[in-house]
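Shown next, in structure tokens, is the structure this report addresses.
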DNA sequence: TATTTTAGCGAAATATATTCGGTAAAAAGA
DNA sequence: TCTTTTTACCGAATATATTTCGCTAAAATA
């Protein structure tokens with residue numbers, strides 16, 4: 010499927026506000042709602058969207074500390090990696106994780122209530138995994154989603 | 010504002026699918042649409058949502074490489090940090106950034122088309138900033154949003 | 001106990017989503 | 001170049017959903 014300027018506009022608008030209604034999109038694109046609806050349906054069916062996520066005001070929910078945790082495994086092998094990823098899915102507090110090439114094998118974006126919860130997360134929950142070699146944490150002062158991409162290559 | 014189990018359910022459902030309609034939410038919570046609507050309005054007005062973001066299928070859009078870039082600045086001072094953040098907003102390719110405490114000052118999640126674009130991003134775009142001390146990149150094999158938080162502390 | 005607040009409901013009014021037949025312009029094929 | 005096909009678009013009609021509101025009952029507060 011080939012994309013044009015209007016398609017890109019839909020993608021960008023939803024990146025910034027995934028809850029925009031079809032009508033609101035149509036107004037922005039300056040096309041009829043029915044036309045916009047067709048485009049959105051097409052983009053969705055063609056799998057251009059990976060997910061629609063609400064990101065919450067974590068501080069308001071009692072998660073006063075966010076950290077980025079670098080994890081190095083003893084063995085960076087398929088089986089170890091798979092079971093680690095599986096473990097990540099069971100742990101409470103993980104907002105997002107990155108599986109990386111290089112020195113650091115995993116980068117975890119974690120939200121915790123307070124320093125004690127953080128200590129417990131690292132010493133009790135995470136270190137519980139057999140193949141952990143090294144863990145280092147950095148407090149996140151601030152983080153922001155930009156989605157500032159250039160789509161010139163995709164447009165016909 | 011105090012949250013109960015139903016509110017948490019709304020937050021969680023929208024974390025996983027920000028485009029759920031009010032009616033769909035109401036069905037999940039097993040309450041009337043009008044009731045659900047009131048709750049959602051209340052949560053929104055009380056600023057429990059930071060953003061609603063569509064995340065795109067970047068590979069399909071020609072962004073074949075995603076990297077995590079560690080940036081260390083020469084001076085970690087308010088003015089330098091501010092202007093760096095400002096610069097990040099102008100750069101094309103940044104999906105998300107983290108401002109950190111510790112050795113690494115910034116962590117950038119970047120999407121590029123190919124190795125050449127990456128080189129250009131780092132050598133031309135990023136290094137252009139006067140106060141860059143050090144840059145290191147790691148390819149992202151995989152990354153995923155989990156939002157797997159425990160809200161026991163918030164519930165009454 | 002009396003009073004206020006709150007969460008809930010359903011019905012009505014409003015607005016939106018969705019489908020569909022038709023049109024015109026662009027793309028593809030002869 | 002002239003057809004034919006495809007595509008993006010529209011507006012009208014219908015189906016759904018959102019939103020408001022008055023009312024009730026239960027919970028919280030005084």
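Residue numbers (the working numbering), protein chains in the order written: chain L, 10 to 165; chain A, 10 to 165. By construction, the Cβ of each residue, glycine as well, lies at the ideal position given by its N, Cα and C atoms. Fair warning: this is a prediction, and the values are worked out from it, not measured in the lab.
Suppose the cutoff is 7 Å on Cβ atoms and the five residues either side in sequence are ignored; what does the same chain contact list for residue 72 of chain L look like?
Position 63 of the first chain, counted from the start, is the residue given in the question as residue 72 of chain L. Taken in chain order, the residues that qualify are 120, 121 and 122.
What does residue 103 of chain L reach in chain A if we use C-beta pairs closer than 9 Å?
Taking the first residue of the first chain as position 1, residue 103 of chain L is located at position 94. Near residue 103 of chain L (Cβ distances below 9 Å), the residues of chain A are 155, 156, 157 and 158.
Three-state secondary structure assigned by DSSP to residue 93 of chain L
Mapped onto the first chain, residue 93 of chain L falls at position 84. It is helical.
Quick one: is residue 14 of chain A buried, meaning 16 or more other Cβ sit within 10 Å of its Cβ, or exposed?
As a position in the second chain, residue 14 of chain A is number 5, starting the count at 1. Classification of residue 14 of chain A: exposed, given that the 10 Å Cβ count is below 16.
Does residue 112 of chain L come out as helix, strand or coil in the three-state DSSP assignment?
Here residue 112 of chain L is taken as the residue at index 103 of the first chain, counted from 1. If DSSP states are grouped into helix, strand and coil, residue 112 of chain L belongs with coil.
Can you give me the start and stop residues for the alpha helix (DSSP H) that residue 46 of chain L sits inside?
For the purposes of this step, residue 46 of chain L is taken as residue 37 along the first chain, with counting starting at 1. Taken as a continuous stretch (DSSP letters only), the alpha helix (DSSP H) holding residue 46 of chain L covers 42-54.
Pairing CB atoms from the stretch 19-38 of chain L with CB atoms from the stretch 47-63 of chain A, are three or more of them under 8 Å?
yes
So, at 8 Å on beta carbons, what are the nonlocal neighbours of residue 35 of chain L in its own chain, with the 5 sequence-adjacent residues on each side left out?
Position 26 of the first chain, counted from the start, is the residue given in the question as residue 35 of chain L. Excluding residues within five positions, the ones whose Cβ falls inside 8 Å are 41, 42, 44, 45 and 46.
When you compare the stretch 123-143 of chain A with the stretch 48-56 of chain A, are there three or more beta-carbon pairs, one atom per stretch, that lie closer than 8 Å?
no
Range covered by the alpha helix (DSSP H) that runs through residue 19 of chain L:
What you label residue 19 of chain L is simply residue 10 of the first chain in a count that begins at 1. Per DSSP, residue 19 of chain L belongs to the alpha helix (DSSP H) from 14-25.
With respect to the alpha helix (DSSP H) encompassing residue 125 of chain L, which residues constitute its N-terminal and C-terminal limits?
Position 116 of the first chain, counted from the first residue, corresponds to residue 125 of chain L. Residues 124-129.
From this set, L:57, L:153 and L:163, which residue's C-alpha is nearest residue 20 of chain L's C-alpha?
Residue 20 of chain L sits at position 11 when you count from the first residue of the first chain. Closest by alpha carbon: L:57.
Delimiting residues of the alpha helix (DSSP H) encompassing residue 32 of chain A:
If you number the second chain from 1, residue 32 of chain A lands on position 23. Element bounds for residue 32 of chain A: 31-38.
Flag this pair as yes or no: are the beta carbons of residue 77 of chain L and residue 97 of chain L separated by less than 9 Å?
Here the question's residue 77 of chain L lines up with position 68 in the first chain. Here the question's residue 97 of chain L lines up with position 88 in the first chain. Not a contact, by the Cβ cut-off of 9 Å.
Straight-line CA distance for residue 143 of chain A to residue 81 of chain A?
In the second chain, the residue the question calls residue 143 of chain A occupies position 134. In the second chain, the residue the question calls residue 81 of chain A occupies position 72. Cα to Cα, residue 143 of chain A sits roughly 5 Å from residue 81 of chain A.
Beta bridge counterpart(s) of residue 143 of chain A as assigned by DSSP
By one-based count along the second chain, residue 143 of chain A stands at place 134. Bridge partners of residue 143 of chain A: A:81.
Does DSSP classify residue 65 of chain L as helix, strand or coil?
Indexing the first chain from 1 puts residue 65 of chain L at position 56. Reduced to three states, the DSSP call for residue 65 of chain L is strand.
Report, in whole angstroms, the separation of the C-beta atoms of residue 104 of chain L and residue 156 of chain A, which I expect to be a contact under 8 Å.
Your numbering for residue 104 of chain L matches position 95 in the first chain. Your numbering for residue 156 of chain A matches position 147 in the second chain. Rounded, the Cβ-Cβ distance is 6 Å, consistent with contact.
Taking 8 Å as the cut-off, is the C-beta of residue 76 of chain A nearer than that to any heavy atom in the ligand NAD?
The ligand NAD is not part of the structure shown, which contains no ligands of any sort.
Under 7 Å, CB to CB, which of the residues in the stretch 129-152 of chain A have a partner in chain L?
147, 148, 149, 150, 151 and 152
By alpha-carbon positions, which one of A:67, A:79 and A:115 ends up nearest to residue 147 of chain A?
Counting from one through the second chain, the residue named residue 147 of chain A turns up at place 138. Answer by Cα proximity: A:79.
What is the DSSP secondary structure of residue 105 of chain L, reduced to helix, strand or coil?
As a first step, residue 105 of chain L must be located in the first chain, where it is residue number 96. Correct three-state label for residue 105 of chain L: strand.
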